[in-house]
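Below is one structure; the comments refer to it alone.
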Ligand SMILES: NC(=O)c1ccc[n+]([C@@H]2O[C@H](COP(=O)([O-])OP(=O)(O)OC[C@H]3O[C@@H](n4cnc5c(N)ncnc54)[C@H](OP(=O)(O)O)[C@@H]3O)[C@@H](O)[C@H]2O)c1
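Numbering (my numbering), first residue to last: 3 to 236.
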């Protein structure tokens with residue numbers, strides 16, 4: 003499969019490495035241009051391209067950049083991309099990093115906001131797993147304790163394709179439902195960065211409480227603020 007990845011950082015680089023090893027053709031883009039991705043491209047086997055080229059002729063596009071940067075992507079990026087092309091959103095909103103996004107602060111779900119910016123439905127996945135776990139924890143199907151990942155998004159055919167990609171990568175895939183259910187895997191929710199197996203993930207998704215979304219976000223954001231503060235001290 004040909005897959006375009008916009009964002010060549012911790013998550014984009016990790017996905018590129020895995021997918022090239024699995025035999026997929028991977029296009030990788032960042033904000034600074036393909037010439038700045040030569041090293042990563044050589045190391046992963048992905049092809050460095052511009053953002054505009056990362057959405058051309060592919061079956062799947064992954065948007066994996068800081069949430070605030072979604073606003074900076076070229077306008078009409080997806081205008082000529084066939085509607086069958088699946089768009090994956092790995093993003094998380096951290097006010098400490100992204101500044102305020104008033105619509106999301108007002109109750110819009112993070113992936114609803116991303117979909118509105120892109121003018122395309124998206125499938126939320128890989129947002130609740132730390133990149134090192136994504137790197138190190140793929141396992142064959144049936145392995146006891148295999149990490150499970152939640153998948154939420156629209157349309158159902160796109161979600162079905164992403165469920166298959168997640169399984170192929172080495173994780174149990176749990177169908178959360180449409181984008182309207184994606185709040186269950188946003189930052190700070192019970193399933194967030196806990197590397198749960200499928201049974202425990204389903205339980206965590208069921209236990210998530212929508213009325214607590216502001217508290218979940220605040221707890222996750224506090225951890226990020228603490229991390230930034232530790233970087234400044236060192
Ligand atoms: N790190 C994790 O463990 C983790 C886990 C799950 C989900 N996430 C989420 O996934 C997203 C990506 O996280 P990350 O940690 O992989 O980020 P990262 O390591 O900081 O890398 C960000 C990448 O996005 C690119 N980028 C930024 N603005 C762009 C733009 N306007 N156009 C094209 N590319 C752009 C950057 O390119 P340049 O360097 O050229 O600017 C860089 O390659 C975030 O929303 C994050 O919250 C992260």
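In this text, a Cβ means the ideal position worked out from N, Cα and C, and glycines have one as well.
| Query | Result |
| --- | --- |
| Proximity test, residue 34 beta-carbon vs ligand 1 heavy atom, cut-off 7 Å | yes |
| Nearest-angstrom Cα separation, counted from residue 3 out to residue 25 | 8 Å |
| Close Cβ partners of residue 129 (< 7 Å) along its chain, the five nearest in sequence each way excluded | 92, 93, 94, 187 |
| Neighbourhood of residue 160 by C-beta, 8 Å cutoff - its chain only, sequence neighbours within 5 removed | 88, 89, 123, 125 |
| Run of the alpha helix (DSSP H) containing residue 42, from where it starts to where it stops | 40-46 |
| Proximity winner among 69, 80, 86, 79, relative to residue 102 (alpha-carbon distances) | 69 |
| Stretch-stretch touch, CB-based, cutoff 8 Å, three pairs: the stretch 77-87 with the stretch 59-68 | yes |
| Three-state secondary structure assigned by DSSP to residue 15 | helix |
| Beta-carbon spacing of residue 165, residue 177 below 8 Å | yes |
| Cβ-Cβ distance between residue 206 and residue 196 below 8 Å | yes |
| Straight-line Cα distance separating residue 191 from residue 179 | 16 Å |
| Coarse secondary structure for residue 163, derived from DSSP in three states | helix |
| Those residues which DSSP pairs with residue 91 across a bridge | 65, 126 |
| Residue burial classification, residue 233 (beta-carbon count within 10 angstroms, cutoff 16) | exposed |
| Reference residue 99; option with closest CA among 222, 153, 236 | 222 |
| According to DSSP, residues forming a beta bridge with residue 8 | 31, 65 |
| Element boundaries [alpha helix (DSSP H), containing residue 104] | 104-107 |
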